[in-house]
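Every letter in the sequence shown is one number past the one before it in the working numbering, and letter 119, counting from 1, is 123. Just so it is clear, CB atoms sit at the ideal spot from N, CA and C, and this is done for glycine as well. What follows is a single structure, written as structure tokens, with notes after it.
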Amino acid sequence: MTSSHSDTEPTAAEKHHPLLKLALELGPLLIFFFGNLRGEWLAKTFPVLATVGGPLFIATALFMAATVASLIVSKIAFRHLPVMPFVSGIVVMVFGSLSIWLQDETFIKMKPTIVNTLFGAALLGGLFFGKSLLGYVFNAAFQLDVIGWRKLTLRWGIFFLFLAVLNEAVWRNFSDEVWVNFKVWGTMPMTILFTLAQMPLIMRHSLEEQTEGTK
């Protein structure tokens, strides 16, 4: 299965500004980490933040603001909103607001669980009905044969569900500090390593590689 829909290909701006795209994706997470790490200092320096709650709630408020700013800049710079950051942003706003309003950290801690479960279920559900949604989720530019899409979809679907289960295990059994560090410094490296591990499959099932091989 291949997809030629324009939404599945990076815009010219994304191709020419990959560092900006990366900064917009990682920026809110780094701000969340900083907000939790220096929450007390931020509350003393900016008293208005003290009304939000403790360090984790301050970090959540900053995370929400940074997420909205990131989506706005993405829309302006790239002329569209990537599906995954957009859906994640909606969940951040809903669960972040509930966390601050009810002063209950559970909601923001469950956000990664909800997002990863949503994407995992969507990918595996689409696969069950014979469709691959990877092109829309990852804004992919490569084209694979049918078998390649199926394998890649299955692997990513399972990986998302694995991240959801792992997030639940960490936040329910460890301190806030451990969970925040896991969210920022654990999830991203694991995702990068998993992505790199898929390159052999992508190369093996790439239609471009197959076309060149028949020449």
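Secondary structure at S179: coil, using DSSP grouped into helix, strand and coil.
Measuring C-alpha to C-alpha distances from L85 to each of A65, I118, S101 and E29 identifies E29 as the nearest. Shown here for K113: same chain residues with a beta carbon closer than 6 Å to its own, the five before and five after excluded, namely W175 in chain order. Apart from the 5 residues on each side of it in sequence, G58 sits with its Cβ closer than 7 Å to the Cβ of G43 in its chain, given in chain order.
Per the coordinates, the alpha-carbon of L200 lies some 16 Å from the alpha-carbon of G190.
Pairing L148 with L156 gives a Cβ-Cβ distance under 8 Å.
Residue environment analysis places N177 among the exposed positions, since fewer than 16 neighbouring C-beta atoms fall within 10 angstroms of its C-beta. DSSP, read as helix, strand or coil, puts L85 in coil.
In the three-state reduction of the DSSP assignment, S136 falls in the coil class. By the Cβ test, the region 123 to 131 is not in contact with the region 71 to 82, since fewer than three Cβ pairs between them sit closer than 8 Å. Uninterrupted alpha helix (DSSP H) stretches at least 4 residues long and entirely within the region 39 to 122 occur at 43 to 49, 51 to 54, 59 to 82 and 87 to 106, given in chain order. Exclusion of the five residues before and after H209 leaves L148, D149, I151 and G152 as the residues of its chain whose Cβ lies within less than 7 Å of its Cβ. In this structure, R159 is the residue among R159, E172 and A173 with its C-alpha nearest to the C-alpha of M203. By alpha-carbon distance to F186, the top candidate from L197, A173 and D108 is A173.
In this structure, the beta-carbon distance from I118 to V95 falls below 8 Å. Membership of F198 in the alpha helix (DSSP H) is indicated by the continuous run T191 to A201.
The Cβ atoms of V56 and I104 lie closer than 8 Å to each other. As DSSP reads the structure, L148 sits in a beta bridge with S210.
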